[in-house]
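Residue numbers (my numbering): 843 to 1129. Before any comments, here is the structure.
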């Protein structure tokens, strides 16, 4: 099988925000994948995965969340938004759009993408999810050296950058797309809790929201993922109370990779990990 066509499309959210998405259509597709990316990672990063998925018979829809890459409308300075908008508005619009292909819809996620599943107001439209590198964000789960690096980042570097630019200008450090100031503030706040936003007194309604998702969700984390160790994953996925959570610990060596860390799941050498998702999808389609 191969890629039949690639098209750039515009999504329109419930709050009337325009987003840019890409549709990769396979020849005789078996299912539709919606790819939920990580914080500050543009959709083009996931293109190799989309091509591989097409070859295995799956359509793929990727998107840039509001304020990111092709969905960025002007300067981020002064942009007001909620970090949860990326799931509750943007990814929800992608899932709605995916219905037009009349195929079973599955979500493949990376980091924030694993948070997004439980946040979707239309999660009932997806048949299941397979996510990589999702965790609670709290540095207590990280290796000691990384813990100190992250503390210095949150307390010194990031505040200085935000004060200078009015948003988190990550691109200045080569760390990804720039982030709106509200995303930075909420992300920093929730990472201070052992169970991320589930511990935030102002976010207690999310417990009920996450409990609505009752499908299977595979949560795969690399043993060398310093930002999302398996213990961090387990702390977060307690929030999926009614889902069939399948945790998977990935050894880079067993996957035929020198390292994975937090970004390696979708880099060009990760074909063995991608094949795991295709095999999972095929198994789900048989049942």
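The C-beta atom is built at its ideal place from N, Cα and C for all residues, glycine as well.
Any idea if residue 952 is buried or exposed, counting beta-carbon neighbours within 10 angstroms, 16 or more meaning buried? Here residue 952 refers to the residue found at position 110 when the chain shown is read from its first residue. Per the 10 Å Cβ criterion, buried.
Which residues in the same chain as residue 1051 place their Cβ atom closer than 8 angstroms to its Cβ, once the five residues preceding and following it in sequence are excluded? One-based indexing of the chain shown puts residue 1051 at position 209. Correct list, in chain order: 960, 961.
Practice problem: Would you give the residue range spanned by the alpha helix (DSSP H) that residue 1058 belongs to? | Solution: Position 216 of the chain shown, counted from the first residue, corresponds to residue 1058. From DSSP, residue 1058 is part of no alpha helix (DSSP H) but of the beta strand (DSSP E) over 1058-1064.
*Pick helix, strand or coil for residue 867, following the three-state DSSP scheme.*
Taking the chain shown and counting its residues from 1, one reaches residue 867 at position 25. Here residue 867 sits in strand by DSSP.
* Give the secondary structure of residue 881 by DSSP, where H, G and I count as helix, E and B as strand, and everything else as coil. => The count along the chain shown starts at 1 and reaches residue 881 at position 39. In the structure shown, residue 881 sits in coil (DSSP, three-state: anything other than H, G, I, E or B).
Could you check which residue in 1056, 1070, 919, 867 has the C-alpha nearest to that of residue 849? Along the chain shown, one-based indexing puts residue 849 at 7. Comparing Cα-Cα distances from residue 849 to each of 1056, 1070, 919, 867, the minimum goes to 867.
Next on the checklist: Count Cβ pairs between the segment 1087-1095 and the segment 988-996 that sit closer than 8 angstroms; are there 3 or more?
Outcome noted: no
Item to complete: Could you check which residue in 983, 980, 957 has the C-alpha nearest to that of residue 971?
Response: Within the chain shown, the letter at position 129 stands for residue 971. Among 983, 980, 957, the Cα nearest to that of residue 971 belongs to 957.
* Given that a residue counts as buried once 16 or more other Cβ atoms are within 10 Å of its Cβ, and exposed if not, what is residue 1067? -> Numbered from 1 along the chain shown, position 225 holds the residue referred to as residue 1067. Buried.
Q. What does a CB cutoff of less than 7 angstroms around residue 1012 pick up in its chain, not counting 5 residues either side in sequence?
A. Residue numbering aside, residue 1012 sits at position 170 when the chain shown is read from its first letter. 882, 1018, 1019, 1020, 1021, listed in sequence order.
Beta carbon of residue 974 nearer than 7 angstroms to that of residue 1107 = Here residue 974 corresponds to residue number 132 of the chain shown, with the count starting at 1. Here residue 1107 corresponds to residue number 265 of the chain shown, with the count starting at 1. Their beta carbons are under 7 angstroms apart, which means residue 974 touches residue 1107 by this criterion.
In terms of residue numbering, what span does the alpha helix (DSSP H) encompassing residue 1093 cover?
Position 251 of the chain shown holds residue 1093. Where residue 1093 is concerned, there is no enclosing alpha helix (DSSP H), given that its DSSP letter is neither H nor E.
Between the C-alpha atoms of residue 995 and residue 943, what's the straight-line distance to the nearest angstrom? As a position in the chain shown, residue 995 is number 153, starting the count at 1. As a position in the chain shown, residue 943 is number 101, starting the count at 1. Looking at the two C-alpha atoms, the distance is approximately 43 angstroms.
### Message
Which of the three DSSP states is assigned to residue 968 in this structure?
### Response
Taking the chain shown and counting its residues from 1, the one referred to as residue 968 is at position 126. If DSSP states are grouped into helix, strand and coil, residue 968 belongs with coil.
According to DSSP, is residue 1120 part of a helix, a strand, or is it coil? Stepping through the chain shown from its first residue, residue 1120 is reached at position 278. Looking at residue 1120 - three-state DSSP - the assignment turns out to be helix.
query: How far does the beta strand (DSSP E) with residue 994 in it reach, from first residue to last?
result: Indexing the chain shown from 1 puts residue 994 at position 152. From DSSP, residue 994 is part of no beta strand (DSSP E) but of the alpha helix (DSSP H) over 986-994.
Is it true that the CB of residue 857 sits closer than 7 angstroms to the CB of residue 931? To locate residue 931, count along the chain shown from 1; it is residue 89. To locate residue 857, count along the chain shown from 1; it is residue 15. A contact, by the Cβ cut-off of 7 angstroms.
Worksheet item: Going along the chain, which residues of its own chain have a beta-carbon closer than 6 angstroms to the beta-carbon of residue 1069, five neighbours each way excluded?
Response: Walking along the chain shown from the start, residue 1069 turns up at place 227. Taken in chain order, the residues that qualify are 1104.
Beta-carbon contacts of residue 946 that lie in its chain and below 6 angstroms, excluding the five residues immediately before and after:
As a working mapping, residue 946 is identified with position 104 in the chain shown. In its chain, beyond the 5 residues on either side, 873, 969 have a beta carbon closer than 6 angstroms to the beta carbon of residue 946.
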